[in-house]
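Note that the protein sequences, when read in sequence, are chains L and D.
In this text, residue positions in the first sequence follow our numbering: the first is 1428, and each later residue adds one.
In this text, residue positions in the second sequence follow our numbering: the first is 16, and each later residue adds one.
So the structure is just underneath, and the comments pick up after that.
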Amino acid sequence: MATERAGTWLPEAGKLELGSCCGPRMLSPERLALTDYEYLAQRHVLTYMEDAVCQLLENKEDISQYGIARFFTEYFNSVCQGTHVLFREFSFIQATPHNRASFLRAFWRCFRTVGKNGDLLTMKEYHCLLQLLCPDFPLELTQKAARIVLMDDAMDCLMSFSDFLFAFQIQFYYSEFLESVAAIYQDLLSGRNPNTVIVPTSSSGQHRQRPALGEASMLEGVEASLFYQCLENLCDRHKYSCPPPALVKEVLSNVQRLTFYGFLVALSKHHGINQALGALPDKGDLMHDPAMDEELERLVVRSRLHRTSRQHRAQEPGTFGFHRRDKLEALERVPSASAPTPSPYRWEPRE
Amino acid sequence: MDWQVNCGLHLVIQTSSLPEKNKVEFKLHKETPSFPGRLLQHDLERNYSSRQGDHINLVSSSMPSFPILQRSSEEKILYSDRLTLERQKLTVCPIIDGEEHLRLLNFQHNFITRIQNISNLQRLIFLDLYDNQIEEISGLSTLRSLRVLLLGKNRIKKISNLENLKSLDVLDLHGNQISKIENVSHLCDLRVLNLARNLLSHVDNLNGLDSLTELNLRHNQITFVRDVDNLPCLQRLFLSFNNISTFESVCCLADSTSLSDITFDGNPIAQESWYKHTILQNMMQLRQLDMKRITEEERRMASVIAKKEEEKKRESQKQSLLKEKKRLTINNVARKWDLQQHRVTSIAANQDRKDSDSPSQDPGQVDGSTISAFPEETGSLDSALGNALQGLSVTDTHLVEVDGDTLSLYGSGALESLDRNWSVQTAGMVTTVSFTFIEFDEIVQVLPKLKIKFPNSLHLKFKETNLVMLQQFNALAQLRRIDQLTIDPQGNPVVSFTLWKYYVLFRLSHFSMQKINGTEVTQNDMIMAERLFGILAHVASSELPQYRLISILGDARKKQFRYLLETKGKKPGIVSEENNDSKRLVGENTNRATLNYTTRDFYNEKLEEIKEKKKFCKMYIEDLVKEATEINMKNEALQKLWPQMFIELVRDAVIEIRNKSSYMKLCLQQITDQK
């Protein structure tokens, strides 16, 4: 049942190199350039292996009861489905791009209803929602995401769910990239040639930069084309995930000059980047999740029954069995509820 | 006490003015229906005709016309010293001539508005003007021997012009409009003073009345009495039907040594439960109270009750002490809390100001409540309270209070009280538990204890507890039952969230809560909560891989075990019971049991643990993978070499057997060698 659902979201997930340590070898040129170990590390296979063993250690007794093989199957299945990040510690959630995308998707799925209800929330409240899924989620990240939405407004302003979610996606998924971008931006702004960037036509670049400097101090932000040059370079070298350079170019080609936050806002609103990232649906479909809605209706009806039944049998000890049955029913229903969902979103490993 | 003197005089009145004038006046009187009685008129006329000549001298004065009185000589002889002009419808005092020896004069029940024409009666001892219309005391300055002055039922507003009446023995001013006691301090021989039915609002200015034995003050509006202790001879004091409501407003009575008879009936004070015994206890010299003799039995009862009251008072003193101590402690805890929270100093200053404000109010209150019953003790109580307060250690960092059904805990130290052996009754009675100035994370750690020690707690209150996250509410799910939850916005930022109530309802839905922050929970609220967070629960329960489910629920169980190991030691019975409990908890809300809360400390501890494990796993996997890749490499190398090796081996074998006969020989040789 689980794989079926995974298929709806991550059709490519099977290629997550799970079998690469013992199964068929992938003889791509890239693969040959690295040693086996480096390759596995780069593909985060080691991360998941380590984590799997870690989880095994965590619950040795319980897991040994139902089988080590079963555990590994379940573990890697859950990795494929993206359910492995639920309620995990932040260090794990941010460890791989797949984990980040999984977390973004989990957040969207769990709290889509909040957005649907139309509630506008503060940064702090969104942070609380994040913490429901990841207890040690750092406030700093949420603050940065809120800064993208609110720009110069006070941090306690209210935000819509979709605004926050898309800004958060960019900030969370590309957080290392954005940090480098911020440094480059600062360098450009202060007129320095970003020392981290080796521009091939450095002389012409600097030459071009000089006259622009006077304007730059008057105008807001930096010149878009120069900024792009630096970013392209960064994307080439960057070992963390970056947005596809073509899309970055698209974002930057529309304007003459832009500020750092302007850039982030543009990134967050760019639906191509959202699609490339693949964790969330398009903005228009953000509130759309018929399978979950169906499930929710069922839950609401049941909670109503549950409440009335509880009032009748408030002191009865038999509640245990009653709930177990519920749980089983829920499990049985899962495939039928989720199978028909078509998935326009694809997740492509991009390293 | 109305003084009536009936002397049975027979009187004859003669008009003193000219006939014409008199006629006019009489006519005038005739027209006013109230005045001219037939008898009087007849008498006047008769007297006028018979004795006209005697009084012409007087009439010649410039005064308006007065009736002139003369008695027959027989009467004069018979009642030489008294004259009664009762009910004669007199509007003025008649001129009384030739009666200088009079000692008793009675004008009761007339219409006299002014005291006149009696200044010549210097031997007068008794003057009765009861029931007239006199508005001012006057015309008495020459009557130095006057001993009884009866002015009851008149219209007098002020006590005055009594300066020369030094021998006055009885002064009756009842039924007037006097609002103040004054100008009487020289009446050192006065024995009886009647001021009943006047407009007195209080009693004072009684100095100098050294002989006063009876003071009647009934039917006034008196609220307090002073100076009575300066009346050395006072025996009877009538205060019935006034407005006295507290004992301290008449407390000077207790200091009077002579007082033996007192009335308070018709006052608010007489309605009080403590009235009788308080009076008896404080006025040992009394013989009669409200016209009833005080028996020994009553006195004994009073002293018993007084002792009880004393105890009660001590108790209330203790109470107020405790109250004050509580206030100080709470302030102290609050200050500590503020420091701990790194609050800005302005708030601290504010707090200080509050501190300095309140003592000026609170002790006042304390005094007020104690004074009401026992004024004479106030001073000592006050100082006792002050001393005790100084003795209070302001270093107390926590406070535990059980008030009826409410257990209040202030400061984190108060949580230790849950380890105490609470009596079954107390613990059973407590339905409300309130936490103030305690970190929520610390509260979470004692929730299992709370569940065991106070099984009936249905209402939890949190104030200044640093509730900042929705997930913190998860911790409350482990309790047995909650009907009401009150989260004070003060010091609990979570309350400012839009969704917090719904999250509480969602997460604690198995409690079927009645009220949150005093607001009734409706069915719609429940549905809304489910709509908002139902998916979260669904995802958390149905999509969580089994191994995570075990891990998360295991943590919850482990936490409880840990607590049990820490507190209970090894009592297997309880452990197993608790174990069942936690199982039931898991069952009770399967699809949200995974939404639990780990306190920050515990969580950090766990993270550390994970870090350690990760380190190990990393090394382990690294070794494993390296080994695997090495084997793989060797394997690959072997695979590469193998075809060539195989060919070489075959070739060697073929070469060896090419010469059949020599090979056979060699083989045979080998066999024989073996033998």
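Note that CB positions come from ideal geometry on N, CA and C, so glycine has one too.
CB of residue i within 8 Å of CB of residue j, strictly
| i | j | result |
| --- | --- | --- |
| glutamate 1552 of chain L | threonine 451 of chain D | no |
| proline 1596 of chain L | methionine 1582 of chain L | Here residue 1596 of chain L turns out to be glutamine, not proline, going by the sequence shown. Contact: no. |
| lysine 530 of chain D | glutamine 499 of chain D | yes |
| threonine 1540 of chain L | isoleucine 550 of chain D | yes |
| tyrosine 1612 of chain L | threonine 644 of chain D | no |
| leucine 210 of chain D | leucine 232 of chain D | yes |
| leucine 84 of chain D | isoleucine 127 of chain D | no |
| serine 216 of chain D | isoleucine 237 of chain D | yes |
| aspartate 225 of chain D | isoleucine 196 of chain D | no |
| valine 243 of chain D | serine 264 of chain D | no |
| leucine 254 of chain D | leucine 227 of chain D | no |
| asparagine 125 of chain D | serine 156 of chain D | no |
| glutamate 545 of chain D | leucine 1726 of chain L | yes |
| methionine 299 of chain D | leucine 274 of chain D | no |
Nearest-angstrom Cα separation, counted from residue j out to residue i
| i | j | result |
| --- | --- | --- |
| proline 1627 of chain L | aspartate 1663 of chain L | Caution applies to proline 1627 of chain L, whose pLDDT of 41 falls short of 50 and renders its modelled position unreliable; the value that the coordinates give is listed next. About 13 Å. |
| lysine 91 of chain D | histidine 116 of chain D | 10 Å |
| threonine 421 of chain D | valine 448 of chain D | 6 Å |
| isoleucine 294 of chain D | tyrosine 145 of chain D | 35 Å |
| serine 472 of chain D | methionine 1476 of chain L | 47 Å |
| glutamate 651 of chain D | valine 669 of chain D | 28 Å |
| lysine 626 of chain D | asparagine 1526 of chain L | 18 Å |
| leucine 1577 of chain L | arginine 1497 of chain L | 47 Å |
| leucine 1658 of chain L | leucine 1694 of chain L | 13 Å |
| valine 510 of chain D | lysine 338 of chain D | 30 Å |
| asparagine 176 of chain D | glutamate 330 of chain D | 54 Å |
| valine 590 of chain D | glycine 1494 of chain L | Interpretation of valine 590 of chain D is limited by its pLDDT of 38, a score under 50 that renders its predicted location unreliable; the figure taken from the coordinates is listed afterwards. Using only the alpha carbons, I get a separation of about 29 Å. |
Amino acids of chain D, ordered along the chain, whose beta-carbon sits closer than 8 Å to that of residue i
| i | result |
| --- | --- |
| glutamine 1558 of chain L | Met484, Leu485, Gln486 |
| leucine 1707 of chain L | Near leucine 1707 of chain L there are no residues of chain D at all, since even the closest Cβ is about 15 Å away, more than 8 Å. |
Exposed unless 16 or more other CB atoms sit within 10 angstroms - verdict on residue i
| i | result |
| --- | --- |
| asparagine 489 of chain D | buried |
| methionine 306 of chain D | exposed |
| valine 1649 of chain L | buried |
| tryptophan 1535 of chain L | buried |
| arginine 162 of chain D | buried |
| leucine 634 of chain D | Just to set this straight, residue 634 of chain D is methionine in the shown sequence, not leucine. With fewer than 16 other Cβ atoms within 10 Å, it is exposed. |
| isoleucine 686 of chain D | exposed |
| valine 665 of chain D | exposed |
| aspartate 270 of chain D | exposed |
| glutamine 1656 of chain L | buried |
| asparagine 222 of chain D | exposed |
| leucine 1615 of chain L | buried |
| arginine 212 of chain D | buried |
| lysine 168 of chain D | buried |
Identity of the residue in the options nearest residue i by Cα
| i | options | result |
| --- | --- | --- |
| aspartate 434 of chain D | D:Thr344, D:Ile467, D:His413 | D:Ile467 |
| histidine 525 of chain D | D:Gln250, D:Val510, D:Ile83, D:Met541 | D:Met541 |
| proline 1670 of chain L | L:Gln1508, L:Leu1605, L:Tyr1493 | L:Leu1605 |
| proline 1672 of chain L | L:Val1682, L:Leu1661, L:Asn1681 | L:Leu1661 |
| leucine 139 of chain D | D:Lys104, D:Val107, D:Arg97, D:Lys338 | D:Arg97 |
| leucine 186 of chain D | D:Val445, D:Leu354, D:Arg206, D:Gln303 | D:Arg206 |
| asparagine 1701 of chain L | L:Val1675, L:Asp1579, L:Arg1684, L:Ala1573 | L:Val1675 |
| alanine 1479 of chain L | L:Glu1501, L:His1698, L:Ala1468 | L:Glu1501 |
Cross-chain neighbours of residue i in chain L, by beta carbon under 7 Å
| i | result |
| --- | --- |
| cysteine 682 of chain D | Chain L residues near cysteine 682 of chain D: none, gap ~46 Å exceeds 7 Å. |
| valine 348 of chain D | What valine 348 of chain D touches in chain L: nothing, since even the nearest Cβ is about 27 Å away. |
| phenylalanine 477 of chain D | Result: empty, since nearest Cβ-Cβ is about 16 Å, beyond 7 Å. |
| isoleucine 636 of chain D | Leu1473, Met1476, Glu1477, Val1480 |
| isoleucine 672 of chain D | In chain order: nothing, as chain L lies at least about 41 Å away. |
Partner residues on chain D for residue i, Cβ-Cβ distance less than 7 Å
| i | result |
| --- | --- |
| proline 1562 of chain L | Gln486, Thr613, Tyr618 |
| arginine 1619 of chain L | Here the premise fails: no neighbours, minimum Cβ distance about 38 Å. |
| serine 1505 of chain L | Pro560 |
Contacts that residue i makes with chain L (C-beta to C-beta distance below 9 Å)
| i | result |
| --- | --- |
| threonine 609 of chain D | Leu1513, Phe1514 |
| leucine 455 of chain D | Inspection of the sequence shows that residue 455 of chain D is occupied by phenylalanine rather than by leucine. What phenylalanine 455 of chain D touches in chain L: nothing, since even the nearest Cβ is about 14 Å away. |
Contacts of residue i in chain B (Cβ-Cβ under 8 Å)
| i | result |
| --- | --- |
| arginine 1536 of chain L | The chain inventory of the structure shown lacks chain B, comprising the protein chains L and D. |
Neighbour list for residue i in chain D, Cβ cutoff strictly below 9 Å
| i | result |
| --- | --- |
| threonine 1510 of chain L | Val554, Glu558, Leu559, Pro560, Arg563 |
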